[in-house]
Every structure is written in structure tokens, then in C-alpha cells.
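Following: one structure in C-alpha cells, then a few remarks.
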Amino acid sequence: MIFGVDYYPEHWDRNEWENQAKLMREGGFNTVRMGEFAWKLFEKQEGEFDFSFLDEAIEILAKEGIKTILGTPTAAPPKWLVTKYDVLLRDKYGRKREWGSRRECCSNSPDYIEKSQIIVREMAKHYKDNENVIAYQIDNEFGCHDSTRCYCEHCQKAFSKWLKAKYKNIETLNKKWGTVFWSLQYDSFDEVILPGYTSCEGTYGDRWAHNPALDLEFSRFSSDSWVKYQKMQIDILREYTSVPITHNLMGHHSSIDYYKLSDDLDFVSWDNYPDNQWGTSEYEYVSMAHEIMRGVKDKNFIVMEEQAGAAGWDIVGQTPRPGQLRLWTYQALAHGGEGMVYFRFRSALFGMEQYWHGVLDHDGVPRRRFYELQKTGRELQKLEKYFVDNKNDYDVLIEKSYDNLWAHGIKSHAKGYNYENHLYSFYKANADKNVMCAVSRGDYDKYKVVYLPAYNIVEDGKVEKLTEYVKNGGTLVLTFRSGTRGDSNEIKPIALPGVFSELAGISVDDFDAPRRPVKIKGKAEGNANIWCDIITPKTAKTIATYDSEYYKGNGAITQNEYGKGRVFYIGCDLDGKAMAELVGYINETANVNTVSAPNGVEVIRRNDCIILLNHNESEAEVDMKGYSVLNNCEFTGKLDGYGVEVLKR
Ligand code: GAL
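As C-alpha cells, then:
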């Protein structure tokens with residue numbers, strides 16, 4: 001199992017490397033990731049290549065039994081490159097993203113593509129026979145620092161080409177986009193603009209200025225551009241090596257379609273910082289991020305950067321409490337991780353990330369965090385079989401769609417509505433009952449319940465597939481703002497909930513984005529705050545009604561028996577209590593296994609073990625028996641604060 005650290009030998013005097021490698025081995029680390037920001041050292045001036053510093057580092061580490069994951073260095077272009085070539089991103093106001101940080105290049109700049117090709121090829125050639133290189137990471141965190149969309153002339157040209165390939169002729173585009181609105185018709189693909197600054201912006205907010213089809217297509221195009229850029233690097237590496245290739249993704253991040261991005265990768269890896277200067281994530285939010293990362297390829301992942309210390313850029317975040325690094329490790333593994341790499345080995349003395357603490361502090365002396373990870377690594381050696389290559393069954397699927405995410409972001413329906421929060425509310429309610437909940441797409445038959453929240457842009461064949469699933473006994477959950485938009489973000493002239501009307505067995509004849517909380521009663525008691533569909537049941541039965549406003553007594557949530565299965569339609573948002581009640585009821589009807597545990601205790605039932613995670617600072621008592629494979633004894637039911645247990649199934 002990969003148990004490693006992110007390492008930057010270039011940040012340390014050469015005479016420290018041997019000792020650092022020894023210390024890593026003592027810590028139990030067997031892998032490093034290196035190289036991803038060292039372009040200038042690899043190519044001092046254009047065409048002058050020198051990998052000697054990395055060669056030496058790889059060798060020193062190998063002597064201690066430590067293997068290398070090599071990052072291609074394209075996220076940090078050297079100054080000579082940006083000075084000589086036109087590679088920098090332009091923002092929507094036409095401003096150049098200046099050099100001086102990282103991730104400032106445009107994926108459609110021909111020069112950036114060419115120079116990337118050259119450095120990646122040199123690297124691949126140089127390391128093709130090096131047995132200590134066990135994997136590649138392409139670039140670093142595509143999309144980070146708001147770098148997905150670029151408004152330069154190269155993007156303009158590439159966008160025209162991309163649109164032409166999709167729409168074939170400009171009349172089709174005009175018709176599908178409805179450019180007749182405000183006289184926005186185009187005479188050729190070359191004329192199509194990028195959704196930059198316009199007269200409307202500022203009056204109503206920055207995303208409201210453009211035709212919604214243009215905006216959505218530009219999101220798709222921008223995402224595709226990075227997918228293509230990544231593929232270009234993968235193809236070059238593949239000419240020289242067969243080691244697995246990954247990229248470090250960012251969990252909930254959403255400007256790139258992670259399904260497409262990970263299609264070309266051998267495995268997904270990702271960067272997890274649960275508690276940094278910008279705040280503490282709820283543990284369910286972190287679990288969901290892990291599940292998204294597992295779900296994009298429906299395959300185990302590794303964490304390429306796991307928080308190892310207090311994390312911040314200009315200020316320091318809260319330091320991980322004793323036990324938390326171990327707890328976060330088991331949380332990752334419980335949700336589909338099968339390898340851990342901690343960011344970073346030793347805290348940097350200089351540069352932007354002086355405050356982003358690693359396993360070791362600035363002075364390099366092993367302390368609490370080092371010893372905690374050392375202990376964790378030793379434990380994991382015994383438990384490897386529970387994680388590596390181990391597949392899990394999930395009862396519930398929450399389908400995440402990037403198309404829908406972008407479209408809801410362009411026109412978010414109501415104040416306070418956010419698609420990702422909407423998805424998270426269902427994940428959290430299930431996670432709090434310890435339901436095995438995947439976040440992915442497709443292949444519905446594997447699951448007892450499928451949540452398709454706010455699925456508004458519906459691809460061809462989707463309804464048929466869902467109908468089969470429900471007919472065969474599946475439980476489908478639909479929510480408001482579903483089923484009425486087409487691929488170009490246009491609204492279809494059909495009654496709500498559009499293409500899902502028959503499956504849901506309802507019609508929505510009126511709706512409200514209320515200005516005050518609306519009461520709900522029935523199978524979910526509480527308030528709606530953002531949206532209320534006023535439902536007329538047809539073949540469905542109403543299981544919750546509104547209890548205030550002019551629509552008091554009307555349907556808020558329905559249940560439709562269909563074939564051997566059923567469809568729930570949730571017409572409103574639900575506060576935490578109402579959501580928990582409803583999800584409880586749905587799980588009951590669909591025979592989904594739930595487990596009650598004290599607040600803050602996560603119970604993950606993998607196929608051959610049960611993992612208990614106490615996210616509370618204080619001790620917790622769980623009503624559960626079993627044999628602890630962690631401690632080789634019967635489990636007493638007691639978990640320490642931030643404690644972990646692994647029980648045999
Ligand atoms: C990640 C990034 C790392 C480092 C870390 C801490 O997002 O991949 O290179 O910057 O954050 O800020």
C-alpha cells in the first residue's frame with residue numbers, strides 16, 4: 001500500500017537529503033511524489049534540460065526503500081517561457097493573469113501546449129527505464145486558482161472550432177440557443193463571443209449577462225480544453241512508459257467534468273485538507289468528497305495530498321488535534337482510498353506556503369504528528385487487505401452531473417439555491433444514518449435507491465433507463481427543478497416535472513420561491529425556505545403537504561408506485577430535521593440498512609470490515625460488538641476522542 005509524503009528536495013540543501021530520506025523510512029513512508037513544480041530546474045533555459053537533481057533525489061530515496069511518483073511540472077511555468085511566449089490566461093475583463101504564482105497558463109495557447117509537450121517528452125524519455133518511478137501525476141490540480149476559464153484569442157478560436165464540430169452549421173446554433181432574443185444571431189462560428197464582460201454585468205450580478213446556452217457551452221468547452229490538455233500529456237508519457245498515470249483532483253471542485261477528466265487516467269488521486277485557514281469541513285462533507293473521488297471512475301483512489309499539519313497561506317489554520325491525522329487517514333480508506341500521501345514532508349522555510357505545515361515542522365525535528373503517522377502506517381501494514389483492491393457494495397447512489405451543476409449555477413432559480421448544497425443535503429442525511437452512499441452516475445441496478453436531485457438537463461435515453469430501473473423494483477428520488485431543460489440549456493415547452501411526469505405520477509401546476517419559511521407536515525415535518533412546487537398528484541399519493549401560505553394543504557412530497565418500484569418527488573427544499581425524517585422513510589420503504597450511532601460517529605460497513613470513526617473530541621460509546629482487527633481483541637464499544645476501530649465482518 002502506498003504510504004508516502006509529498007517531497008520537494010529542491011527546497012532543501014543537498015546535504016540534508018540523506019537524513020530526510022532516512023527519517024522518511026523511520027516514519028514508515030514508502031513513496032514520495034516529487035517534481036511537479038520544478039520546471040525551471042528541469043529546463044533552465046529553453047531547450048536546456050537537466051534532470052540531475054531529481055535523479056539524485058530518486059536514488060537517495062530508493063536506497064531507503066522509497067519509490068517515486070513523478071509529477072509533470074507544467075503547473076508552474078518558468079519566467080523565460082512566459083516572457084518569450086503568449087501563454088498567459090486572460091480573465092473575463094481581458095486582464096492578463098500575471099506570472100508570479102502558478103497555474104497562470106491557458107490550455108489552448110499553442111505555445112503552452114508545445115512547450116508542455118517538449119518538457120513532458122524529455123521527462124518521459126529520461127525516466128523511461130528508472131525502476132524507482134512507479135507512477136506519474138499529470139500537472140497539478142487543474143482548475144485550481146480559478147484557472148479553468150480563459151478569455152484569450154486562442155480560446156476564442158478554439159471555442160469556435162469546438163462549436164462548429166458540435167453544431168455543424170450556424171443556423172442550428174442560432175435556433176438551439178435562441179439567439180433571436182436581443183438580436184444575438186451569429187452569421188458564422190467565428191463571430192461567436194466568449195461570455196466576458198457586458199453591459200448587464202454589475203447591474204444584476206456577474207453571471208446573468210449572457211445567453212444561458214453560450215454560458216453553459218463555454219463551461220463545457222473550458223472543461224474539455226483541460227481534458228484535452230491532460231490527454232496530450234498522457235499520450236506522450238504512454239509512448240515511453242506503462243506505469244500508471246494519475247492527476248490530483250480536488251474533491252468537490254466543479255469547474256472541470258471529473259468524469260471526463262478521469263476517463264483517461266489509470267486511477268484517480270486527490271488532495272484533502274479538511275481543516276485549513278478557510279475553515280473546518282463537516283465530516284460528512286469530507287466523506288462525500290472521498291465518495292465523489294471514488295465515484296468518478298467507480299474505482300478506489302489514492303489521496304495524493306493529505307493534510308499533515310496546521311494549514312494556511314497568510315494565516316495558520318487550526319492544528320490537527322492528537323488523533324485527527326490518523327482519523328482522517330481511516331476516513332479516506334473507509335470511503336475507497338487505498339493509498340495515502342501526506343502533504344508535505346517538512347514545512348517550507350520560504351515561498352507562499354510557509355504556513356502550510358507538513359509532517360515535520362520547519363526545524364525538521366520529528367514530533368507529535370510524525371509519530372502519529374508512523375503509528376498509523378504500522379497499523380495499516382496489517383490491514384492492507386481490507387483496502388487495497390477491495391470493492392464495496394453501496395445501497396444508495398446520489399448522481400452528480402456537471403452539466404446540471406453548471407446550468408444551475410448560471411440560473412440558480414431562487415435566492416439561496418445551490419445544486420451542490422442540494423446534493424450534499426441528501427448525502428448528509430444518509431451519512432448521518434450510516435448508509436453506504438455512492439456519489440457517481442449510471443449503472444442504477446446496483447443500488448436500492450437512486451437520488452437524482454434537480455436533474456434538469458436530461459440526456460437522451462436517461463428516462464428510459466430510469467424507467468427500467470424502477471419497473472424492476474428500484475426506488476428513484478426526484479426533486480424540484482427537474483426534467484425541463486435540453487442540451488442547449490433551453491426550457492422545453494412541457495409542464496413540470498417535464499420528462500419525469502409519468503414516472504413521478506404528478507403534475508406541478510404552480511410553484512413559489514417563497515420570501516419566508518413555509519411549513520410542511522406529513523412524512524417530513526419542518527420548513528421549506530427556498531422553493532415550493534405545488535403538486536397535483538395523478539397516480540402518486542401525497543406523503544407531505546404544505547401547512548402555510550395560500551397553498552396550505554397542497555402536495556409537497558409524493559410517492560408513486562410504478563412497476564415493482566417507486567418514485568418519490570420532493571417538491572421543496574427541506575430543513576435538516578425534515579430531510580432526516582424523509583430520508584429515514586425512503587430508506588425504510590426501500591429496505592436500506594441504516595445504523596444508529598452517537599452524533600459525530602461514522603460507521604462504514606465495508607464488505608469485509610466495519611470501520612468506526614469518532615469525529616468528536618470526546619469519548620463515544622457505540623452499541624456494537626465485534627472483533628477488533630486493529631487491537632486483536634473484542635471491541636468494548638468505547639471509542640476515544642478522535643478514535644478509530646476496525647471490526648471484522
Ligand atoms: C494543494 C496543492 C499543493 C499545495 C497545497 C497547499 O492545493 O496541490 O501544491 O499548494 O494545496 O496549499
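Quick note, the sequence shown lines up with residues 1 to 649 if you use my numbering. Backbone N, C-alpha and C fix where the C-beta goes; we use that ideal spot for every residue, glycine too.
Handout entry: Cα-Cα separation, E420 to I119
Key = 37 Å
Handout entry: Option nearest S101 by Cα separation, candidates S109, Y112, I113, L88
Key = Ranked by Cα distance from S101, the options S109, Y112, I113, L88 are led by L88.
Exercise for the section: Compare the C-alpha of R25 against each of I60, R14, H11 and name the closest. Expected result: I60
Exercise for the section: With DSSP as the reference, label R378 as helix, strand or coil. Expected result: helix
Problem - alpha helix (DSSP H) runs wholly inside the region 412–480, at least 4 long, in chain order - result: 419–431, 462–471
Exercise for the section: Using three-state DSSP, classify C265 as helix, strand or coil. Expected result: The sequence shown places Leu at residue 265, not Cys. Of the three classes helix, strand and coil, the one that applies to L265 here is coil, per DSSP.
Practice task
Note down, in chain order, each residue of its chain lying with its Cβ closer than 6 Å to the Cβ of A38, except the 5 sequence neighbours on either side.
Solution key: E10, P73
Handout entry: Which of helix, strand or coil DSSP assigns to E43
Key = strand
Practice task
Go ahead and label K400 buried or exposed: buried means 16 or more other beta carbons lie within 10 angstroms of its beta carbon, across all protein chains shown.
Solution key: Looking at its Cβ environment, which holds 16 or more other Cβ atoms inside 10 Å, K400 is buried.
Problem - Boundaries (first-last residue) of the alpha helix (DSSP H) holding D55 - result: 52–63
Practice task
Could you pull out every residue in the same chain whose Cβ sits closer than 6 Å to the Cβ of A75, ignoring the five residues on either side in sequence?
Solution key: Result list for A75: R102, R103, D139, N140, in chain order.
Practice task
Could you check the C-alpha separation between G643 and G637 for me, to the nearest Å?
Solution key: Rounded to whole angstroms, G643 and G637 show a C-alpha spacing of 11 Å.
Exercise for the section: Provide the residue span of the alpha helix (DSSP H) that contains S507, from first to last. Expected result: That residue, S507, is in no alpha helix (DSSP H); its beta strand (DSSP E) goes 506–512.
Practice task
Using 10 angstroms around the beta-carbon of I610, count the other beta-carbons present and answer buried if the total reaches 16, otherwise exposed.
Solution key: buried
Handout entry: Selection from D487, H145, K67, D443 that minimises the alpha carbon distance to D298
Key = D443
Exercise for the section: Could you tell me whether the Cβ atoms of Y386 and Y447 are closer together than 8 Å? Expected result: no
Practice task
Let me know if W182 comes out buried or exposed under the rule of 16 or more other beta-carbons within 10 Å of its beta-carbon.
Solution key: Classification of W182: exposed, given that the 10 Å Cβ count is below 16.
Problem - Burial state of P212, where buried means 16 or more other Cβ atoms lie within 10 Å - result: buried
Practice task
Note down, in chain order, each residue of its chain lying with its Cβ closer than 7 Å to the Cβ of V499, except the 5 sequence neighbours on either side.
Solution key: Contacts found: V458, V463, G483.
Practice task
Tell me whether F343 counts as near ligand 1, meaning its Cβ is closer than 7 Å to at least one heavy atom of that ligand.
Solution key: Because some heavy atom of ligand 1 lies under 7 Å away, the Cβ of F343 counts as near it: yes.
Practice task
For the beta strand (DSSP E) holding D533, just list the boundary residues, first then last.
Solution key: 532–537
Handout entry: For S223 and V268, the rounded distance between their alpha carbons
Key = 17 Å
Problem - Cβ-Cβ separation, A504 to L478 (assumed contact under 8 Å), whole Å - result: 6 Å
Exercise for the section: For the region 238–245 and the region 274–282, state whether three or more C-beta atom pairs, one from each stretch, are separated by less than 8 Å. Expected result: No: fewer than three Cβ pairs fall under 8 Å.
Exercise for the section: Give the C-beta separation of L194 and Y127 to the nearest angstrom, bearing in mind that I take them to be a contact with Cβ-Cβ under 8 Å. Expected result: The pair is not a contact, with the Cβ atoms about 38 Å apart (cut-off 8 Å).
Practice task
Would you identify the three-state DSSP class for C200, choosing helix, strand or coil?
Solution key: When DSSP states are grouped into helix, strand and coil, C200 belongs to the coil group.
Practice task
Could you tell me if the beta carbon of C105 falls within a distance shorter than 7 Å of some heavy atom in ligand 1?
Solution key: no
Exercise for the section: Kindly indicate the opening and closing residues of the beta strand (DSSP E) around Q137. Expected result: 133–137
Problem - Inter-residue Cα distance where the pair is N434 and D129 - result: Spanning the two alpha carbons is a distance of roughly 46 Å.
Problem - Buried or exposed (CB count within 10 angstroms, at least 16 for buried), S440 - result: buried
Practice task
Look at I557 and Y569 and say whether their C-beta atoms are less than 8 Å apart.
Solution key: yes
Exercise for the section: Report yes if the C-beta of C437 is less than 7 Å from at least one heavy atom of ligand 1; otherwise report no. Expected result: Checking every heavy atom of ligand 1 against the Cβ of C437, none is found closer than 7 Å.
Handout entry: Distance, E201 Cα to E338 Cα
Key = Approximately 46 Å, taken between the alpha carbons.
Problem - The alpha helix (DSSP H) enclosing K176, as first and last residue numbers - result: 170–177
Handout entry: Inter-stretch contact at 8 Å, needing at least 3 Cβ pairs: the region 413–428 / the region 371–388
Key = no
Handout entry: beta-carbon W270 near ligand 1 non-hydrogen atom, thresh 7 Å
Key = Not under cutoff, so the answer is no.
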